[in-house]
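Just so we're aligned, residue 0 is where the sequence shown starts under numbering that gives the first Met the number 0, counting upward by one.
What follows is a set of notes on a single structure, which appears directly below.
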Amino acid sequence: MYNIFWIISWKAASKMFRIISRRRYRALLSELNDLRRKIRGYETQNQQLLSSNEELLAKVAELEGYREKYEDLSREYEEKLRQFEEEVNREVEERVRELGIDKRKYEQMLADRQELIELYIEKLYSLARKFALENKRIRKNRGLFLILVDERNMDRENFSDFHEGQVEYLDQNLYKGIDNLPHIFSPKIEDVFNFMGERVEIVDESGEVTGHEERDGAVLINLKGIAFKTRVMVEGVRTHKVYNKVEKLLKGNAKHAAAIYASSLDEVMVSIVVSEETSEVTMFRDGKFMRSYDPYADKETLREEILQLLRNDMNGGNNEPPPGEDGST
Numbered sequence: 000m001y002n003i004f005w006i007i008s009w010k011a012a013s014k015m016f017r018i019i020s021r022r023r024y025r026a027l028l029s030e031l032n033d034l035r036r037k038i039r040g041y042e043t044q045n046q047q048l049l050s051s052n053e054e055l056l057a058k059v060a061e062l063e064g065y066r067e068k069y070e071d072l073s074r075e076y077e078e079k080l081r082q083f084e085e086e087v088n089r090e091v092e093e094r095v096r097e098l099g100i101d102k103r104k105y106e107q108m109l110a111d112r113q114e115l116i117e118l119y120i121e122k123l124y125s126l127a128r129k130f131a132l133e134n135k136r137i138r139k140n141r142g143l144f145l146i147l148v149d150e151r152n153m154d155r156e157n158f159s160d161f162h163e164g165q166v167e168y169l170d171q172n173l174y175k176g177i178d179n180l181p182h183i184f185s186p187k188i189e190d191v192f193n194f195m196g197e198r199v200e201i202v203d204e205s206g207e208v209t210g211h212e213e214r215d216g217a218v219l220i221n222l223k224g225i226a227f228k229t230r231v232m233v234e235g236v237r238t239h240k241v242y243n244k245v246e247k248l249l250k251g252n253a254k255h256a257a258a259i260y261a262s263s264l265d266e267v268m269v270s271i272v273v274s275e276e277t278s279e280v281t282m283f284r285d286g287k288f289m290r291s292y293d294p295y296a297d298k299e300t301l302r303e304e305i306l307q308l309l310r311n312d313m314n315g316g317n318n319e320p321p322p323g324e325d326g327s328t
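Below is the structure:
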């Protein structure tokens with residue numbers, strides 16, 4: 000019986016070897032070894048992924064801790080801000096009582112002040128447009144940078160002379176006296192703007208004119224409507240603590256960057272730039288673009304139009320606000 004079984008097994012094995020050749024057998028064995036190596040590699044990768052996952056979970060937990068701290072600090076900040084505002088209101092009311100001014104009259108004074116500021120802003124924008132249109136007429140792009148500022152509350156560290164040792168242009172007798180003040184409702188202000196828009200000749204040692212450069216800096220106008228300083232540099236454009244209040248500049252040069260930043264300062268009511276490259280007028284308030292005017296196309300662009308164009312770009316031309324947004328600014 001045993002001999003018969005051995006004979007049958009031997010025949011089956013012989014038949015199998017006839018079906019699978021030695022070369023095929025070695026190939027299958029090599030394939031098997033490759034698969035084993037891949038399995039070991041996958042096991043190693045799996046261990047690495049598990050380890051990375053543990054690290055990520057630890058980081059998530061750490062970030063969650065930061066989020067909780069941020070929320071606690073935000074609540075503390077809001078409470079401090081509320082207390083500060085209440086304290087300011089109490090001090091204002093106390094001061095108003097000491098001065099014997101009725102609170103309603105005080106509020107009216109604030110409203111009148113705001114109306115005056117809005118009037119000055121509109122006038123400066125109108126003057127800048129007039130300057131740009133004159134550029135078009137004379138076929139010459141001249142630059143201009145205007146800042147309406149509360150002079151009494153200025154932080155002097157925010158502004159400086161553009162060039163060391165420069166002589167203030169407005170200190171001339173030409174602008175002394177009530178009839179000669181460079182007020183925004185006086186023709187004298189146009190003389191100041193023309194001075195700032197002129198190109199200064201660059202002369203070499205032999206006296207030959209080798210080039211030109213724009214007069215740098217801004218003209219500062221106070222809340223009396225009087226220009227009181229020219230060629231002013233705005234300090235801290237990239238490093239100041241309020242820079243996070245400034246939206247991204249959509250277009251323009253360094254002067255526009257300084258203008259949008261300056262408009263975010265507490266003492267600044269508005270910044271206006273006339274481009275020395277295109278004569279386009281651009282207005283910034285509270286660290287934001289407000290409107291612009293192209294004198295060559297005689298076209299004004301408002302903030303709402305720019306925001307709508309941006310929303311359209313985000314939606315691929317769809318006029319509806321992006322998902323999750325109501326279109327508010």
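Where a beta carbon is used, it is the ideal one built from N, C-alpha and C, also for glycine.
*Report yes if the C-beta distance between Asn157 and Glu234 is below 8 Å; otherwise report no.*
yes
*Roughly how many whole angstroms lie between the Cα atoms of Arg25 and Arg39?*
21 Å
_Burial state of Lys228 (16 or more Cβ within 10 Å)_ = Classification of Lys228: buried, given that the 10 Å Cβ count is 16 or more.
*Hey, how far is the Cα of Tyr174 from the Cα of Ile271?*
23 Å
*Under 8 Å between C-beta atoms of Tyr292 and Glu299*: yes
*alpha helix (DSSP H) containing Tyr119: first to last residue?*
Lys102 to Ile137
_Beta-carbon proximity check, Glu266 vs Met153, cutoff 8 Å_ = yes
*Which partner residues does Thr300 have in the DSSP bridge list?*
Ser291
*asked:* If you follow the alpha helix (DSSP H) that Asp190 is in, where does it begin and where does it stop?
replied: Lys187 to Gly196
_Please state whether the Cβ-Cβ distance between Lys254 and Phe130 is less than 8 Å._
For the 8 Å CB-CB criterion, Lys254 and Phe130 do not form a contact.
*Any beta-carbon of chain D closer than 8 Å to the one on Asp265?*
Although the question refers to chain D, the structure presented lacks it and comprises just one protein chain.
_Within a Cβ cutoff of 6 Å, which residues of the same chain sit near Met232, ignoring the five residues on either side of it in sequence?_
Ser159, Phe161 and Gly216
*Quick one: what's got a C-beta closer than 6 Å to His258's C-beta in the same chain, skipping five residues either side?*
Strictly speaking, residue 258 in this sequence is Ala, with His absent from that position. Hits under 6 Å: Ser270, Val272 and Phe283.
*asked:* According to DSSP, is Leu143 part of a helix, a strand, or is it coil?
replied: Reduced to three states, the DSSP call for Leu143 is strand.
*asked:* Less than 8 Å between the beta carbons of Ile177 and Leu123, yes or no?
replied: no
*What are the boundary residues of the alpha helix (DSSP H) that includes Thr43?*
Arg21 to Leu98
*Can you tell me which of the three DSSP states Ile177 falls into?*
Residue state, collapsed to three classes: coil.
*Leaving out the 5 sequence neighbours to the left and right, which residues in its chain are closer than 8 Å to Ile225 when beta-carbon positions are compared?*
Leu180, Pro181, His182 and Ile183
*Since Lys228 is in the beta strand (DSSP E), which residue starts that stretch and which ends it?*
Ala226 to Val233
_Assuming Ile259 is part of the alpha helix (DSSP H), what are its boundary residues?_
Ala253 to Ala261
*For Ser278, which residues from the same chain have a beta carbon less than 6 Å from its beta carbon, with the 5 sequence-adjacent residues on both sides left out?*
Correct list, in chain order: Ala131, Asn134, Asn140 and Pro294.
*Are Leu147 and Tyr119 closer than 8 Å when you measure CB to CB?*
yes
*Rounded C-beta distance between Val208 and Glu200? I'm assuming under 8 Å.*
Between Val208 and Glu200, the beta carbon gap of about 5 Å places them in contact (Cβ cut-off 8 Å).
*Quick one: what does DSSP say Ile220 is sitting in, helix, strand or coil?*
Note: Ile220 maps to strand in three-state DSSP.
_Cβ neighbour criterion (16 or more within 10 Å) applied to Leu169_ = With 16 or more Cβ atoms within 10 Å of its Cβ, Leu169 is classed as buried.
*What first and last residue would you give for the beta strand (DSSP E) that runs through Arg284?*
According to the DSSP assignment, Arg284 belongs to the beta strand (DSSP E) that extends over Val280 to Arg284.
*When you compare only the Cα positions, how much space is there between Glu70 and Tyr41?*
42 Å
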